[in-house]
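> Residue numbers (the UniProt record's numbering): 1 to 270.
Built from N, CA and C at the ideal position, the CB exists for glycine as well.
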């Protein structure tokens, strides 16, 4: 069992965006890659959550609240948790209406030490695990926030895609060194994961994937930048078309999984 000392040590090695919140926001959502990521995530989540029965949603590492705003537009109440107070201030500044109507609440806390007496229908943890020192350990702990039939929505930086892209671009020494550098860039994810690692960890806590998608299966391998809105829309349509089709989905810069515990009523009798 993980003790408090271990948790504190893990948190000290995690990435926070205090002091660079504006740069983080600009680099992620002020670029085509960030817009594509959000658009594709919204596309794969919409059939399950858009304008359905209102849910209680927990967005862990919710950052500037971009995904939370989508869920609020779909009619759900969202609690946003983030370790960075600077990032949460950006979120609050863009969500005045949702704050006034009680659709969103904010909590500044590491995921590992966040406590809530409430249980949630959906726990979101998007593009967070790769910034943690012990991502799989943290992922396994997320079930404590879920109702018995709740759903986990996880997206994570795809280690296999990172390896593939670096071979394509001729970064052979970097690949030979296990995708590690001596001086880590602060906006470069420190703990990419493979789909097998995540699937096995989910299985270990009694969850199974009900949907798997690749996020940005093509964009990151393009040899030139997009030059027009028309090109962006054409690429977005292709990303949506192939994001759940192998082998293309496995090349996604990020992978997204929805996971649930098996329905006891449908399990085979012993």
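Between 226, 151, 61, 202, which lies nearest to residue 113 when the distance is taken from Cα to Cα?
Per the Cα distances, 61.
> So is residue 229 in contact with chain D if we call contact Cβ pairs under 8 Å?
Annotation note: the requested chain D is absent from the structure, which comprises a single protein chain.
> Do the stretch 154 to 172 and the stretch 187 to 201 touch if we need at least three Cβ pairs shorter than 8 Å?
Contact between the stretch 154 to 172 and the stretch 187 to 201 is present, because at least three Cβ pairs lie under 8 Å.
> Expressed to the nearest angstrom, what Euclidean distance is found between the alpha-carbon atoms of residue 256 and residue 100?
Roughly 31 Å separates the two Cα atoms.
> What does the alpha-carbon distance come out to for the pair residue 127 and residue 190?
Answer to the nearest angstrom: the Cα atoms are 12 Å apart.
> Can you tell me which of the three DSSP states residue 270 falls into?
With a pLDDT of 38 at residue 270, under the threshold of 50, the modelled position of that residue is not reliable, and no figure is offered here.
> Does DSSP put residue 138 in a helix, in a strand, or in coil?
Here residue 138 sits in helix by DSSP.
> Could you give the DSSP three-state label for residue 254: helix, strand or coil?
Of the three classes helix, strand and coil, the one that applies to residue 254 here is strand, per DSSP.
> Measure the C-alpha to C-alpha separation of residue 64 and residue 89 and round it to an integer number of angstroms.
Their backbone Cα atoms lie some 8 Å apart in a straight line.
> Which residue comes first and which comes last in the alpha helix (DSSP H) that contains residue 150?
Here residue 150 belongs to no alpha helix (DSSP H); instead the beta strand (DSSP E) covers 146 to 157.
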